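Enquirer: To start, I am sharing the structure in question, which I have written as structure tokens.
Protein chains: 2
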Amino acid sequence: MQVRESIDENADDFFAALSDWLTIPSISGDPACSAEVRRSAEWLVAQLRATGFPIAEVWETAEGQGLPAVYAEWPADDPAAPIALVYGHHDVQPVEPLEEWDSQPFEPVQRDGLLFGRGASDDKGQVFFHLLGVRANLAASGRQAPPVTIKILVEGEEESGSTHFADLLRSQRERLNCDVVVVTDTSMWAADVPSMCVGMRGIIDAQIDLRGPTRDLHSGSFGGAVPNPLHVMADLLAGLHDTDGRVTIPAFYQKVLPISDVERELIARLPFDEKAWLAEAGNSGATVGEAGYGTLERIWARPTAEVNGMWGGYTGPGGKTIIPAQAHAKLSFRLVARQEPAEIIDGLRQYVREHVPAGLEARVTSEGNGVRPCFSAPESPAVQAGRRAMERAFGREVLFTREGGSGPEADLAEILDAPLVFIAVGLDADRVHAPNERVDMDLLLKGAEAAAYLWDEFAAAAGSLTSGR
Amino acid sequence: MQVRESIDENADDFFAALSDWLTIPSISGDPACSAEVRRSAEWLVAQLRATGFPIAEVWETAEGQGLPAVYAEWPADDPAAPIALVYGHHDVQPVEPLEEWDSQPFEPVQRDGLLFGRGASDDKGQVFFHLLGVRANLAASGRQAPPVTIKILVEGEEESGSTHFADLLRSQRERLNCDVVVVTDTSMWAADVPSMCVGMRGIIDAQIDLRGPTRDLHSGSFGGAVPNPLHVMADLLAGLHDTDGRVTIPAFYQKVLPISDVERELIARLPFDEKAWLAEAGNSGATVGEAGYGTLERIWARPTAEVNGMWGGYTGPGGKTIIPAQAHAKLSFRLVARQEPAEIIDGLRQYVREHVPAGLEARVTSEGNGVRPCFSAPESPAVQAGRRAMERAFGREVLFTREGGSGPEADLAEILDAPLVFIAVGLDADRVHAPNERVDMDLLLKGAEAAAYLWDEFAAAAGSLTSGR
Numbered sequence: 001m002q003v004r005e006s007i008d009e010n011a012d013d014f015f016a017a018l019s020d021w022l023t024i025p026s027i028s029g030d031p032a033c034s035a036e037v038r039r040s041a042e043w044l045v046a047q048l049r050a051t052g053f054p055i056a057e058v059w060e061t062a063e064g065q066g067l068p069a070v071y072a073e074w075p076a077d078d079p080a081a082p083i084a085l086v087y088g089h090h091d092v093q094p095v096e097p098l099e100e101w102d103s104q105p106f107e108p109v110q111r112d113g114l115l116f117g118r119g120a121s122d123d124k125g126q127v128f129f130h131l132l133g134v135r136a137n138l139a140a141s142g143r144q145a146p147p148v149t150i151k152i153l154v155e156g157e158e159e160s161g162s163t164h165f166a167d168l169l170r171s172q173r174e175r176l177n178c179d180v181v182v183v184t185d186t187s188m189w190a191a192d193v194p195s196m197c198v199g200m201r202g203i204i205d206a207q208i209d210l211r212g213p214t215r216d217l218h219s220g221s222f223g224g225a226v227p228n229p230l231h232v233m234a235d236l237l238a239g240l241h242d243t244d245g246r247v248t249i250p251a252f253y254q255k256v257l258p259i260s261d262v263e264r265e266l267i268a269r270l271p272f273d274e275k276a277w278l279a280e281a282g283n284s285g286a287t288v289g290e291a292g293y294g295t296l297e298r299i300w301a302r303p304t305a306e307v308n309g310m311w312g313g314y315t316g317p318g319g320k321t322i323i324p325a326q327a328h329a330k331l332s333f334r335l336v337a338r339q340e341p342a343e344i345i346d347g348l349r350q351y352v353r354e355h356v357p358a359g360l361e362a363r364v365t366s367e368g369n370g371v372r373p374c375f376s377a378p379e380s381p382a383v384q385a386g387r388r389a390m391e392r393a394f395g396r397e398v399l400f401t402r403e404g405g406s407g408p409e410a411d412l413a414e415i416l417d418a419p420l421v422f423i424a425v426g427l428d429a430d431r432v433h434a435p436n437e438r439v440d441m442d443l444l445l446k447g448a449e450a451a452a453y454l455w456d457e458f459a460a461a462a463g464s465l466t467s468g469r
Numbered sequence: 470m471q472v473r474e475s476i477d478e479n480a481d482d483f484f485a486a487l488s489d490w491l492t493i494p495s496i497s498g499d500p501a502c503s504a505e506v507r508r509s510a511e512w513l514v515a516q517l518r519a520t521g522f523p524i525a526e527v528w529e530t531a532e533g534q535g536l537p538a539v540y541a542e543w544p545a546d547d548p549a550a551p552i553a554l555v556y557g558h559h560d561v562q563p564v565e566p567l568e569e570w571d572s573q574p575f576e577p578v579q580r581d582g583l584l585f586g587r588g589a590s591d592d593k594g595q596v597f598f599h600l601l602g603v604r605a606n607l608a609a610s611g612r613q614a615p616p617v618t619i620k621i622l623v624e625g626e627e628e629s630g631s632t633h634f635a636d637l638l639r640s641q642r643e644r645l646n647c648d649v650v651v652v653t654d655t656s657m658w659a660a661d662v663p664s665m666c667v668g669m670r671g672i673i674d675a676q677i678d679l680r681g682p683t684r685d686l687h688s689g690s691f692g693g694a695v696p697n698p699l700h701v702m703a704d705l706l707a708g709l710h711d712t713d714g715r716v717t718i719p720a721f722y723q724k725v726l727p728i729s730d731v732e733r734e735l736i737a738r739l740p741f742d743e744k745a746w747l748a749e750a751g752n753s754g755a756t757v758g759e760a761g762y763g764t765l766e767r768i769w770a771r772p773t774a775e776v777n778g779m780w781g782g783y784t785g786p787g788g789k790t791i792i793p794a795q796a797h798a799k800l801s802f803r804l805v806a807r808q809e810p811a812e813i814i815d816g817l818r819q820y821v822r823e824h825v826p827a828g829l830e831a832r833v834t835s836e837g838n839g840v841r842p843c844f845s846a847p848e849s850p851a852v853q854a855g856r857r858a859m860e861r862a863f864g865r866e867v868l869f870t871r872e873g874g875s876g877p878e879a880d881l882a883e884i885l886d887a888p889l890v891f892i893a894v895g896l897d898a899d900r901v902h903a904p905n906e907r908v909d910m911d912l913l914l915k916g917a918e919a920a921a922y923l924w925d926e927f928a929a930a931a932g933s934l935t936s937g938r
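Chains as they are written, first to last, in the numbering used here: chain V, 1 to 469; chain C, 470 to 938.
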């Protein structure tokens, strides 16, 4: 039996079971739904066992204070075979505004080849295709075990900030040991343009607080002769970029991995409609940004400094003629491989120190440690194996994308010390996080097919995947 | 009898009467005190009549909807004599915080040569010295009428924005006709450094609103490739000044009257303690501002652009990774003679238009028409006459100052088309607008003395004062 044959044979059961899972409102951000998140985990464990995983467990987080993850493992017969860890999540986003849903978010319905329901795409549907995939792999090979050891880790807190995820990875570091991490929680360029993500930008936030006079000063008495914190803040923020749109913070670009010619060439081949993209941003003008890079390169592969908020002085109706005592700004930096969040904040501190005049006090703070960027080179063995699996499933060339935003993926790569391969079939059109979330049912089956081929491709590339052991 | 002799003889009665006036809580900003403002006006009319003014009237404003002013007139015998109009106000500031007063604000007490009470300096005490002054002038000359026609206009809404003052000036333009306006509502440099104000900066406010995307954008998806309104606002505000601290708005300095060498020299002779002044602003650093000017020149005689407030994007706790849809800033410009508020706003509009990139919408608005600056050259005949009067009263050289802030004085100069002469003896130490307002009783008597001499000096300078008729 061929992989595709097995998948088609089991497709009805697959969607019936997935629809059952989608009835569980596992909203991790809503404390009232904690029991449902737990029910969702238990449901998945049962399915993994039924699929044949010899190990399938609910994993508590924060000693039972957090929301549970699911772990499963199916060892290859060959103990030297590569170990692949699949990552996804079983919790979902809240559903408000409910009145904008055409059907109930937790009563899944099929229509025109689409399955509607909260979690259909993000991420239950995509996690679930792995169960169909491994079954198809075994059906096609006629063996009792997969050609590589498959571990599956399905988080229950991704939509509420992955609060305990890094701790879980560290405490279970031994059992999660692997040669490659398969991330199934992203999207493709389009249904007819299959693609794989190869990187996500990291992020670190910062706040700049400037304090000048001890109180607001009368601008008639002092205006024009003492530093105005708002002017200094404007200078600081305006000076963050040079005329080429490059960030001026010391050493900001020092560790940035340049985009390879291969990747640039592949990005350039994506059918990108810049005008439509700009319109989506409500902008009828032109794109801006770092000189020498295209829009997709700028939002995927180049770091940025963005001011997210600023405030100071009088902001009510009418006017107030003051030199305000304080000025504040919130910033965030999108980072690319190999920038280190802490080093960026050090650079910002130096920049502020060098630019704030005497008589003003400046403070730069940052909450948390930020998120490191992650990146897997398109030409790396793991990504190439994934690409072959995707190309076999889709029957056409697979291109590469990155994502501008950030998730727990960098923790996976870093704590488990393994390359990431993004295998996912979601679409921008899936309306994840929004009303009427849906998934393209044909694409889910393609995902299962790609997942089935993936284990063979990893087995075939065993030498290069396990060389780092 | 000499002027000073007459003043000393009447001093006790003067302070007794003033103390009586100070018991009336004529707080124009408090609607509950409207009747008290009216009672204060009526009280003053009675005092003016008792002093000998043949005309003394309550003048309604806004057809009785506003708070009343007081008008009085004492014609010179010679119909060709100069006409001087004295300006002051009889309303006072609110008294909160009441617990910080050492005595009740409307129960005046004398202590150590100081008279404490709301309005003691600003402006009842100073208005009232004119009545003592004109009496001393007549006592010294032995005549029945002053040597110049004296008109007195005492406003009842100065502390609440002079809402109806310009209208009053326009509607009473004929009766207020004069050759010189004597403003008695400012302060001197110090008790031992008598001085006269010769100018006040004008002001115009503005708001800049920038609108970019139709909604806040996810900075992961769009950051680095579309214009961020906060960045553009920072650029706009940072670019308002060049590296010499000069305002970059087109034609901003075009009409500015340069400071004369005479005035610069006189300003330089004021005993200015810059360190103490900076400390008052809560600043331990250094002064800043337009290159080529000292601190007093910068705050008195040079125009400025100040950002009074700015806001946009996320300003709550933590961070939010957005490119915000909007950014806003409130500005005010302090203006010096002969800048025109409306032209400054035109210049700002041009500046914003030239600096905002495509895809962002910018709006510049300004409330009201602003306040024109006012200025009387130190070497002008009216100021020189006033200076001689002050020097006779104080027995020493009188220096010149300006004020950085703005009041209804520009309306007086402009609508009545007459030069301003500032005769006042208030001090910064008087705590006007604050708890424990007080006045130096000796200085009030010096003020009366200067006012008495002033009418003779004006009479002596009649030719140059009335040449413009």
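Virtual Cβ for every residue (Gly too), placed ideally from N, Cα, C. Predicted, not measured: the structure shown is a model, and the values here were computed from it.
Is the CB of N646 (chain C) under 9 Å away from at least one CB in chain V?
Expert: Taking the second sequence and counting its residues from 1, one reaches residue 646 (chain C) at position 177. Chain V contact via Cβ: absent.
Enquirer: In this structure, what does DSSP give as the bridge partners for C502 (chain C)?
Expert: In the second sequence, the residue the question calls residue 502 (chain C) occupies position 33. DSSP lists no partner for C502 (chain C).
Enquirer: Examine chain V for any beta-carbon lying closer than 9 Å to the beta-carbon of Q676 (chain C), and answer yes or no.
Expert: As a working note, residue 676 (chain C) is residue 207 in the second sequence. Chain V contact via Cβ: present.
Enquirer: For the region 171-185 of chain V against the region 342-356 of chain V, do three or more pairs of beta-carbon atoms, one drawn from each stretch, fall closer than 8 Å, so that the two count as touching?
Expert: Counting Cβ pairs under 8 Å, fewer than three are found: no touch.
Enquirer: Can you tell me whether E872 (chain C) is helix, strand or coil according to DSSP?
Expert: Here residue 872 (chain C) is taken as the residue at index 403 of the second sequence, counted from 1. Residue state, collapsed to three classes: strand.
Enquirer: Using three-state DSSP, classify A424 (chain V) as helix, strand or coil.
Expert: Position 424 of the first sequence, counted from the start, is the residue given in the question as residue 424 (chain V). A424 (chain V) falls in the coil class under three-state DSSP.
Enquirer: Does the region 271-282 of chain V touch the region 647-656 of chain C, meaning 3 or more C-beta pairs lie closer than 8 Å?
Expert: Touching, no, given that fewer than three Cβ pairs across the two stretches are closer than 8 Å.
Enquirer: Would the C-beta of D205 (chain V) count as close to the ligand MG, meaning under 8 Å from any of its heavy atoms?
Expert: Here there are no bound small molecules, and the ligand MG is not part of this structure.
Enquirer: Assuming the contact rule is C-beta atoms closer than 8 Å, I621 (chain C) and A541 (chain C) should be a hit. Round their C-beta distance to whole Å, please.
Expert: As a position in the second sequence, residue 621 (chain C) is number 152, starting the count at 1. As a position in the second sequence, residue 541 (chain C) is number 72, starting the count at 1. Confirmed, Cβ separation roughly 4 Å.
Enquirer: Thinking C-alpha only, which one of V:Q254, V:I55 and V:D411 is nearest W74 (chain V)?
Expert: Translated into the one-based positions of the first sequence, residue 74 (chain V) becomes position 74. The candidate whose alpha carbon is nearest that of W74 (chain V) is V:I55.
Enquirer: Per DSSP, what kind of secondary structure is M969 (chain C) in: helix, strand or coil?
Expert: Past the edges of chain C, shown from 470 to 938, lies residue 969 (chain C), and the structure says nothing about it.
Enquirer: For a minimum of 4 consecutive residues, which ranges assigned as the alpha helix (DSSP H) are wholly contained in the region 82-170 of chain V?
Expert: Within the region 82-170 of chain V, the complete alpha helix (DSSP H) runs of at least 4 residues are 124-141.
Enquirer: Any beta-carbon of chain V closer than 9 Å to the one on N697 (chain C)?
Expert: Walking along the second sequence from the start, residue 697 (chain C) turns up at place 228. Yes, N697 (chain C) counts as interfacial toward chain V.
Enquirer: Got a sec? Which residues, its chain only, sit under 7 Å from V262 (chain V) by beta carbon, not counting five neighbours each side?
Expert: Locating residue 262 (chain V) in the first sequence gives position 262, counting from the first residue. Result list for V262 (chain V): P378 and E379, in chain order.
Enquirer: Check whether the Cβ atoms of H130 (chain V) and V86 (chain V) sit closer than 9 Å, and answer yes or no.
Expert: Indexing the first sequence from 1 puts residue 130 (chain V) at position 130. Indexing the first sequence from 1 puts residue 86 (chain V) at position 86. Result yes, Cβ atoms of H130 (chain V) and V86 (chain V) sit closer than 9 Å.
Enquirer: Cα-Cα, which of V:S40, V:G64 and V:S103 is closest to H90 (chain V)?
Expert: As a first step, residue 90 (chain V) is located in the first sequence; it is residue number 90 there, counting from the start. That would be V:S40, whose Cα lies nearest to the Cα of H90 (chain V).
Enquirer: If the cut is a Cβ gap below 9 Å, which residues of chain C does T287 (chain V) touch?
Expert: By 1-based counting over the first sequence, the position of residue 287 (chain V) is 287. Near T287 (chain V) (Cβ distances below 9 Å), the residues of chain C are A694, V695, P696 and G828.
Enquirer: Would you grab the beta carbon distance between A145 (chain V) and V3 (chain V) for me? Rounded to a whole angstrom, and I think it's under 8 Å.
Expert: For this step, residue 145 (chain V) is matched to residue 145 along the first sequence. For this step, residue 3 (chain V) is matched to residue 3 along the first sequence. At roughly 16 Å, the Cβ-Cβ gap does not stay under 8 Å, so A145 (chain V) and V3 (chain V) are not in contact.
Enquirer: Give the interface partners of S284 (chain V) over in chain C, defined as CB-CB distance under 9 Å, in chain order.
Expert: Within the first sequence, the letter at position 284 stands for residue 284 (chain V). By Cβ distance, chain C contributes A827 and G828.
Enquirer: Please say whether R871 (chain C) and W780 (chain C) have beta carbons closer to each other than 9 Å?
Expert: In the second sequence, counting from the first residue as 1, residue 780 (chain C) sits at position 311. In the second sequence, counting from the first residue as 1, residue 871 (chain C) sits at position 402. Not closer than 9 Å, so no.
Enquirer: Going by the beta-carbon positions, is the gap between P194 (chain V) and E391 (chain V) smaller than 9 Å?
Expert: Locating residue 194 (chain V) in the first sequence gives position 194, counting from the first residue. Locating residue 391 (chain V) in the first sequence gives position 391, counting from the first residue. Their beta carbons are under 9 Å apart, which means P194 (chain V) touches E391 (chain V) by this criterion.
Enquirer: Drop a sphere of 10 angstroms on the beta-carbon of G117 (chain V), count the other beta-carbons inside from all chains shown, and report buried for 16 or more, exposed for fewer.
Expert: Start at 1 with the first residue of the first sequence, and residue 117 (chain V) comes out as number 117. G117 (chain V) comes out buried.
Enquirer: Quick check: what's the CA-CA separation for I208 (chain V) versus P25 (chain V)?
Expert: Here residue 208 (chain V) corresponds to residue number 208 of the first sequence, with the count starting at 1. Here residue 25 (chain V) corresponds to residue number 25 of the first sequence, with the count starting at 1. Each residue's alpha carbon lies about 40 Å from the other.
Enquirer: Is it right to say L567 (chain C) is buried, meaning 16 or more other beta carbons lie within 10 angstroms of its own, or is it exposed?
Expert: Taking the first residue of the second sequence as position 1, residue 567 (chain C) is located at position 98. With fewer than 16 Cβ atoms within 10 Å of its Cβ, L567 (chain C) is classed as exposed.
Enquirer: On a Cα-Cα basis, can you pick out the residue from V:I83, V:S34 and V:S121 that is closest to V432 (chain V)?
Expert: Mapped onto the first sequence, residue 432 (chain V) falls at position 432. Among V:I83, V:S34 and V:S121, the Cα nearest to that of V432 (chain V) is on V:S121.
Enquirer: Against chain V, with Cβ distances strictly below 9 Å, would K799 (chain C) count as a contact?
Expert: To locate residue 799 (chain C), count along the second sequence from 1; it is residue 330. Yes, contact with chain V.
Enquirer: Any beta-carbon of chain C closer than 9 Å to the one on L240 (chain V)?
Expert: Your numbering for residue 240 (chain V) matches position 240 in the first sequence. Judged by the 9 Å Cβ criterion, L240 (chain V) is in contact with chain C.
Enquirer: Indicate whether the contact test is met: 3 or more Cβ pairs, each with one atom in the region 665-675 of chain C and one in the region 870-888 of chain C, closer than 8 Å.
Expert: At 8 Å Cβ cutoff, the stretches touch.
Enquirer: Go through the region 313-365 of chain V residue by residue and report every complete run of the alpha helix (DSSP H) that reaches 4 residues or more, in order.
Expert: 341-355, all fully within the region 313-365 of chain V.
Enquirer: With distances taken from CA atoms, which of V:V247, V:E100 and V:P68 is nearest E306 (chain V)?
Expert: Stepping through the first sequence from its first residue, residue 306 (chain V) is reached at position 306. The option with the nearest alpha carbon to E306 (chain V) is V:V247.
Enquirer: Could you pull the start and end residues of the alpha helix (DSSP H) that Q853 (chain C) belongs to?
Expert: The count along the second sequence starts at 1 and reaches residue 853 (chain C) at position 384. First-last of the alpha helix (DSSP H) with Q853 (chain C): P850 to F863.
Enquirer: For a contact meaning CB atoms closer than 9 Å, what does Y783 (chain C) contact in chain V?
Expert: Taking the second sequence and counting its residues from 1, one reaches residue 783 (chain C) at position 314. Residues of chain V passing the Cβ test: N308, G309 and K330.
Enquirer: So which residues on chain C does G318 (chain V) lean against when the C-beta distance must stay under 7 Å?
Expert: The residue given as residue 318 (chain V) occupies position 318 in the first sequence. Ordered by position in chain C, the residues that pass the 7 Å Cβ test against G318 (chain V) are E836.
Enquirer: Indicate the three-state DSSP secondary structure (helix, strand or coil) for H433 (chain V) in the structure shown.
Expert: What you label residue 433 (chain V) is simply residue 433 of the first sequence in a count that begins at 1. Note: H433 (chain V) maps to coil in three-state DSSP.
Enquirer: Is D216 (chain V) helix, strand or coil by DSSP?
Expert: Locating residue 216 (chain V) in the first sequence gives position 216, counting from the first residue. DSSP places D216 (chain V) in coil when its eight states are reduced to three.
Enquirer: Could you say if the region 570-585 of chain C and the region 883-895 of chain C meet the contact criterion of at least three C-beta pairs nearer than 8 Å?
Expert: With the cut-off at 8 Å, the region 570-585 of chain C and the region 883-895 of chain C do not touch.
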